[in-house]
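Only one structure is covered here, and it is reproduced in the block below.
Residue numbers (my numbering), protein chains in the order written: chain A, 70 to 342; chain B, 70 to 342.
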């Protein structure tokens, strides 16, 4: 039986590319927002949902972090890292010299700034809601180009004029798979947790990091988000190497639980790469 | 001589409100983006520039953090905390029952979700680039309302139908003043720093936090941003209580400098509240 995989759409989005990379054969269903992907998993419309959590240039995807902290009991069951390549796309037949307008998402413009300055100086940049929505409008306009991925080019029958036009070749997005359950231990896993404090938080964070350090556990990420109740009060999100069922990790999580307010284990899952 | 203060515009923005709160008599000049505010300070068009750095609901303003880390040598010379209150505004004469459309910035919609659901169920929400741009369009449309602040209402001659319509009454934004120099010690100061590591970063962060803990210095904030070169590598931003010229702080900063790569002192300035 093929699994049903929800993803942050529309078709042609980078999340769809990640879904293809994750499971080519799954039935893939686009949802219009991160909360609707999560809702589809909660209501068993799909077995799992794929959403972005971090980009190497832009940083954390705060919608996903806040969903995990505040609004959902779903767990992270896997991670997928996707290299992000942008392309200059046009309607078949449009030449580079004809281009007067470029459509794309503002982040894509920011990530291709040098290319645009050198290759298309003076063109008008018009923002769209997603790179794939930008590619979709191309057939209406022979003087326009769009910045998008190869999958969007395929779906909307666009022609690739230049590929890998991003300024930074290390542009990668990390996606997580949200499910009702997390994953079994594989021997090379990661555990994501979040917590807050009733009291002066950043000082206590040091104490919690001490529990982790003491056991020689590798900490791969520290992130903070507002607790939304008071300016200067935070939730902290930590990624640890190891599975929550391994004794060292289990003992550490229990020590952390005694120190913090609202420890939430966001899931253990195979580590990428 | 009145000082010239740049701020993230347009007129009627929350940054303008913060600028008024900071210095009522200063000449206030709006700029269209965070980088253009910084540039105006660097080119001495204004003596200082006011930009948002953190909101109690949305979290860090990553453009400002990345500017401070990567793109500017300006220093933080002060901080201003502004309570954010949203209002439902209309053209004079428009009644609540006439409203079919509401214009605003997507973040303002998100922050007034409950009010909109209860008071204006079924109205169409149309996104604009800023709350103040939303208020500006009101005169063209007698069936429309906008969510914005009292200053925008004043500038664009709009009528306030309901005030403080935000879901969360703890909605606050922290702004920082960017200048060529930071501030002299007042006895109640804060110092902002950022740094990265050549090596496995979050483990070393623990060591750096140890230097701070050891001296009994209060850490009020820990934030991470991607180093933009590699997924999973970060710059860390820390706020410490105390002025960089105080001996305890100076010694600690020197110990941190020996441990990290690229320590940048972002400024010492009087602590809010």
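Virtual Cβ for every residue (Gly too), placed ideally from N, Cα, C. All of these numbers come straight from a predicted model, not from anything done at the bench.
{"Check": "Are any of the Cβ atoms in chain B nearer than 8 Å to that of residue 100 of chain A?", "Outcome": "no"}
{"Check": "Shortest alpha-carbon distance to residue 303 of chain B belongs to which of B/108, B/178, B/271?", "Outcome": "B/271"}
{"Check": "Start and end of the alpha helix (DSSP H) containing residue 116 of chain A?", "Outcome": "Taken as a continuous stretch (DSSP letters only), residue 116 of chain A belongs to no alpha helix (DSSP H), as it is neither H nor E."}
{"Check": "Could one say the Cβ of residue 148 of chain B lies closer than 8 Å to chain A's Cβ atoms, at least one of them?", "Outcome": "no"}
{"Check": "Please tell me whether residue 111 of chain B has its Cβ less than 8 Å away from any Cβ of chain A.", "Outcome": "no"}
{"Check": "Interface residues of chain B around residue 292 of chain A at Cβ under 8 Å?", "Outcome": "293"}
{"Check": "So, does the CB of residue 271 of chain B fall closer than 8 Å to a CB anywhere in chain A?", "Outcome": "yes"}
{"Check": "Which residues in chain A sit within 8 Å of residue 282 of chain B, going by Cβ to Cβ distance?", "Outcome": "272, 275"}
{"Check": "Could you check where the alpha helix (DSSP H) with residue 132 of chain B kicks off and where it finishes?", "Outcome": "131-135"}
{"Check": "Is it buried or exposed for residue 298 of chain B, if we count other Cβ within 10 angstroms and need 16 for buried?", "Outcome": "exposed"}
{"Check": "Would you mind sorting residue 88 of chain A into buried or exposed? The rule is 16 or more other CB atoms within 10 Å of its CB.", "Outcome": "buried"}
{"Check": "Mind pulling the chain A residues with CB within less than 7 Å of residue 299 of chain B?", "Outcome": "125, 239"}
{"Check": "In three-state DSSP terms, what is residue 156 of chain A?", "Outcome": "strand"}
{"Check": "Which chain A residues sit within Cβ distance under 8 Å of residue 131 of chain B?", "Outcome": "127, 128"}
{"Check": "With 8 Å set as the bound, which would you pick, yes or no: does the beta-carbon of residue 243 of chain A sit closer than that to a beta-carbon of chain B?", "Outcome": "yes"}
{"Check": "Which residues bound the beta strand (DSSP E) around residue 343 of chain B?", "Outcome": "Because chain B here runs from 70 to 342, residue 343 of chain B falls outside it and cannot be looked at."}
{"Check": "Using the Cβ count rule (16 or more neighbours within 10 Å means buried), how would you classify residue 196 of chain B?", "Outcome": "exposed"}
{"Check": "So, are the CB atoms of residue 153 of chain B and residue 214 of chain B less than 8 Å apart?", "Outcome": "no"}
{"Check": "Which residues in the same chain have their Cβ closer than 7 Å to the Cβ of residue 250 of chain B, if we skip the five residues on either side of it in sequence?", "Outcome": "144, 146"}
{"Check": "Where residue 316 of chain A and residue 322 of chain A are concerned, what is the direct C-alpha to C-alpha distance, given to the nearest angstrom?", "Outcome": "10 Å"}
{"Check": "Write down every uninterrupted run of the alpha helix (DSSP H) in the stretch 250-309 of chain A whose length is 4 residues or greater and which is fully enclosed by it, in chain order.", "Outcome": "270-283"}
{"Check": "Quick check on the DSSP output: what are the complete beta strand (DSSP E) runs of length 3 or more inside the stretch 210-255 of chain A, in order along the chain?", "Outcome": "213-217, 228-232, 241-248"}
{"Check": "If you measure between the beta carbons of residue 262 of chain B and residue 207 of chain B, is that distance less than 8 Å?", "Outcome": "no"}
{"Check": "Are there 16 or more other CB atoms within 10 angstroms of the CB of residue 309 of chain B, so buried, or fewer, so exposed?", "Outcome": "buried"}
{"Check": "Candidates B/301, B/113, B/107: which alpha carbon is nearest residue 150 of chain A's?", "Outcome": "B/301"}
{"Check": "State the DSSP-derived secondary structure class of residue 127 of chain A, mapped to helix, strand or coil.", "Outcome": "coil"}
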